[in-house]
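Each remark here refers to the structure printed beneath this line.
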Amino acid sequence: MLEPLRFRGGGFVIEPKRHAGWIAGFAVIALWQAVSSAGWVSPVFLPSPAGIARALADLALSGQLWRHLSASLRRILLGFALGASAGLAFGLALGLLSHARAAGLPIVSALFPIPKIALLPLFILWFGIGEPSKVATIGLGVFFPMAIATFSGVDQVPRALIRMAQGFDVPTSAIVAKVILPGALPGILAGVRISASIALILVVAAEMIGAEFGVGAFILTAGNLMRTEDLLAGVCLLSLLGLAVGALVSLAERRFLAWR
Amino acid sequence: MRPIWIAAAAMLALTLPAQAEKTSLSVLKLASSGPVFLAQDLGHFAAEGLEVEFKFFTAAQPVAVAVVSGDAEFGVTGLTAGFYNLAGKGALKIIAGQSREEPGYKLSAYMVSNQAFAAGVTSPADFAGRSFAMTQVGSTFHYMIGLLAEKKGFDIGKMRLLALQSIPNMVSALQGGQADTAILPSTVAVPMLDRGDAKIVGWAGDETPWQLGALFTSPKMIDGKRATVERFVRAYKKGVAAYDLAFQKKGDQAATDKALDILSKYTEQQRGAIAAGLPYIEPEARFSAKDIAKQIAYWQAQGHADKTVDARDIVVTRFVRSLD
């Protein structure tokens, strides 16, 4: 007598849990506020969420919020656009051309691990205290992860697809545009996600030197003035920017990778 | 018990009170910290039964933070907006004076880049509307340009204030002409002038005297270890008196030489450089509470200090009398 086999599949499937993230976030903030309200930690060492919210509200009401945000966004967008497009072009060259790969890959590997923040004083000598040195810091930080993501994205396009297109005698330019680029797009978008976060990290470093406005300058000034509420309010702004960037990249993935 | 043990125990009991109490001081390796170095080296702390461990920092901010975090029991350094924000939250109390900007004491120089000098910025009054390099927002340099603007009647809002985070960055910005003006300590300013890298057009002490530095501690120390604070301040005042005798009264050349040697040892600077940039320190370590209230009011007006900060809560005149 055979018993029907019990279904053993299932599990290990990540299902979307829409509310869990919000609930966890609120629980952490509520606990933090409770600890602060009870007076267990001094506001000097850890300001309360309410204090941080008040600092954010003050910033928004004074009109300074937009001034800081717009200054940082301009630097991030410009630096990211320059760095990412150069990285994309360089990564494509690394992926497609043998000579470029042989010559370029060691250079990328040698320069990528250099902390861009350490080069900041040099950038000031080259580009001055103004905007160019800040944009260059962000641009250079974005360039390398973008180049590497593009290069490995191109490398991971299935050879069979390329061979098939070649079998149909499709011209090389069309193979690049219609097979390799779409095939490399998941890798490239992953690169965009990482390098956009790096741009957010670097804007704080870039605004260390001589910036009057900007989220990074605001955070540094708050640190200099020992205003921990403002400092964490600025950090919250950066986190929100990070979330926004992540959402934008997800949107792009849904839009451009629908064919998968 | 044998008599010999009793005798030994009695001797131990006698030696115990003489054992030095350990305390700590956060401090910068600058000539302005001279009194504490003198008090240490001349044995004034030891005479009060204190064994002081120095914790050295490179900027005023960490000196104050170290006292708040409990890493040091006392601190002595320049007064910044960050200091007042910490003090306003009930974390710091000023108990004695340190350096002051005074006429005739060449401590902080008004500096102009060669390019800006050629373009007509030849006196402190010409700083109006120019770019100004400083270390940080809320720093002593920031306050001094604010005082200058107030005295000369120009609008600091029309200047471009560049926070460059460090003195070396300020030097290179001034050299390269990326900043028109700056205020720099004489130890940095004079060598720059000698190399022809920038011009000195005046001294902050001559234009705008003010209470630059202070000795401070945490409220916990004042409430819990009042006797220790009293002994520390007594020894500190002897250090200040030694500083005054050596550098301000200047009657005793041997004392001056010895004090210069001590300062040179602790600050790791050449005797000549120290002698050229010695600040004024009130001979009885007194400070101006009125000036501190003025500083707080200025930072509040600029939006750099919290509105709740009150000078009366920060200044303690129990150990050393106020000047005013």
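Sequence lines, in order, name chains D and H. The numbers in the working numbering rise by one with no breaks, and the one at position 128 of the first sequence is 110. The numbers in the working numbering rise by one with no breaks, and the one at position 12 of the second sequence is 34. Beta carbons are placed, not taken as given, at the ideal position from N, Cα and C, and that holds for glycine.
Are the beta-carbon atoms of residue i and residue j separated by less than 8 Å?
| i | j | result |
| --- | --- | --- |
| H:Phe269 | H:Ala257 | no |
| D:Met128 | D:Gly45 | no |
| H:Asn107 | H:Ala220 | no |
| D:Glu(-3) | D:Lys116 | no |
| D:Leu87 | D:Thr132 | no |
| H:Ala226 | H:Glu123 | yes |
| D:Ala166 | D:Val139 | yes |
| D:Val161 | D:Leu143 | yes |
| H:Phe154 | H:Ala201 | yes |
| H:Phe12 | H:Gln233 | Missing from the structure shown is residue 12 of chain H; chain H here goes from 23 to 346 and no further. |
| H:Glu95 | H:Met243 | yes |
| H:Glu289 | H:Leu52 | The question names Glu, but residue 289 of chain H is Thr in the sequence shown. Yes, the Cβ-Cβ distance between H:Thr289 and H:Leu52 is below 8 Å. |
| D:Leu239 | D:Pro168 | yes |
| D:Leu182 | D:Leu219 | no |
| H:Gly160 | H:Tyr320 | no |
| H:Gly235 | H:Ser54 | yes |
| H:Ala88 | H:Ala211 | no |
Give every residue of the same chain whose Cβ lies closer than 6 Å to the Cβ of residue i, excluding the five residues on either side of it in the sequence, and list them in chain order.
| i | result |
| --- | --- |
| H:Leu215 | Ile222 |
| H:Tyr165 | none |
| D:Gly123 | Lys98, Ile180 and Leu184 |
| D:Ala187 | Ile99 |
Whole angstroms is fine: what's the gap from residue i's alpha carbon to residue j's?
| i | j | result |
| --- | --- | --- |
| D:Arg83 | D:Phe72 | 10 Å |
| H:Glu75 | H:Ser46 | 5 Å |
| D:Leu78 | D:Gly61 | 25 Å |
| H:Gln41 | D:Gly192 | 51 Å |
| H:Ala315 | H:Ile336 | 10 Å |
| D:Glu235 | D:Ala92 | 31 Å |
| H:Ala277 | H:Ile117 | 27 Å |
| H:Leu72 | H:Ala249 | 11 Å |
| H:Asp245 | H:Glu252 | 12 Å |
| D:Ala229 | D:Val90 | 29 Å |
| H:Gly104 | D:Val17 | 25 Å |
| H:Leu300 | H:Ala171 | 25 Å |
| D:Phe27 | D:Trp241 | 51 Å |
| D:Thr203 | D:Leu213 | 8 Å |
| H:Gly325 | D:Ala42 | 15 Å |
| H:Leu114 | H:Gly142 | 44 Å |
| D:Phe(-11) | D:Val(-5) | 15 Å |
| D:Ser155 | D:Leu59 | 30 Å |
| H:Val193 | H:Gln275 | 35 Å |
| H:Thr102 | D:Leu207 | 8 Å |
| D:Gly3 | D:Gly(-8) | 23 Å |
| D:Ile106 | D:Ala226 | 30 Å |
| D:Lys(-1) | D:Ile176 | 24 Å |
| D:Glu113 | H:Ala327 | 28 Å |
| H:Asp279 | H:Ile178 | 42 Å |
| D:Phe8 | D:Leu222 | 15 Å |
Determine the closest residue to residue i out of the options, with distance taken between C-alpha atoms.
| i | options | result |
| --- | --- | --- |
| H:Ser286 | H:Leu60, H:Gln41, H:Leu47 and H:Glu43 | H:Leu60 |
| H:Gly92 | H:Arg253, H:Thr239 and H:Gln322 | H:Thr239 |
| H:Leu237 | H:Ala103, H:Gln62 and H:Gln120 | H:Gln120 |
| D:Leu163 | D:Val136, D:Ser177, D:Arg175 and D:Arg145 | D:Val136 |
| D:Leu233 | D:Gly205, D:Leu182 and D:Leu171 | D:Leu171 |
| D:Ala63 | D:Leu225, D:Cys218 and D:Ala178 | D:Ala178 |
| H:Ala68 | H:Arg293, H:Ser54, H:Lys44 and H:Val90 | H:Lys44 |
| D:Leu70 | D:Gly173, D:Arg209, D:Arg141 and D:Leu107 | D:Gly173 |
| H:Val90 | D:Leu55, D:Pro25 and D:Met146 | D:Pro25 |
| H:Gln322 | H:Asp63, H:Gly110 and H:Lys77 | H:Gly110 |
| H:Gly65 | H:Gly261, H:Lys77 and H:Arg293 | H:Gly261 |
| D:Leu51 | D:Val231, D:Phe195 and D:Ser221 | D:Phe195 |
| D:Arg49 | D:Val197, D:Arg209 and D:Leu222 | D:Val197 |
Contact defined as beta carbons within less than 8 Å: I believe residue i pairs with residue j. What is the distance between those atoms, to the nearest angstrom?
| i | j | result |
| --- | --- | --- |
| H:Ala333 | H:Ala307 | No, H:Ala333 and H:Ala307 are not in contact; Cβ-Cβ is about 19 Å, not under 8 Å. |
| H:Thr209 | H:Leu186 | 18 Å between Cβ atoms; not a contact. |
| H:Ala138 | H:Thr230 | The Cβ separation is near 21 Å, so there is no contact. |
| H:Val255 | H:Phe149 | About 38 Å separates the two Cβ atoms, so there is no contact after all. |
| D:Glu211 | D:Ala37 | 4 Å |
| D:Arg57 | D:Ile99 | D:Arg57 to D:Ile99, Cβ: 15 Å. No contact. |
| H:Pro146 | H:Lys180 | Incorrect: roughly 16 Å between the Cβ atoms, too far for contact. |
| H:Met133 | H:Leu206 | 5 Å |
| D:Gly216 | D:Phe200 | 5 Å |
| H:Pro241 | H:Gly112 | 6 Å |
| D:Ile111 | H:Ala195 | 6 Å |
To which residues of the same chain is residue i closer than 7 Å at the C-beta, ignoring the five residues directly before and after it?
| i | result |
| --- | --- |
| D:Ala32 | Gln15 |
| H:Thr85 | Checking the displayed sequence, the identity of residue 85 of chain H turns out to be Val instead of Thr. Excluding positions up to five away in sequence, the list reads Ser48, Val49, Leu50, Phe79, Gly97 and Thr99. |
| H:Gly56 | Tyr265 and Leu285 |
In chain order, what residues of the same chain lie with their CB nearer than 8 Å to the CB of residue i, ignoring the 5 residues before and after it?
| i | result |
| --- | --- |
| D:Ser30 | Trp14, Gln15, Ser18 and Ser19 |
| D:Phe126 | Gly69, Val90, Leu93 and Phe94 |
| D:Ala118 | Gly61, Phe105, Trp108 and Phe109 |
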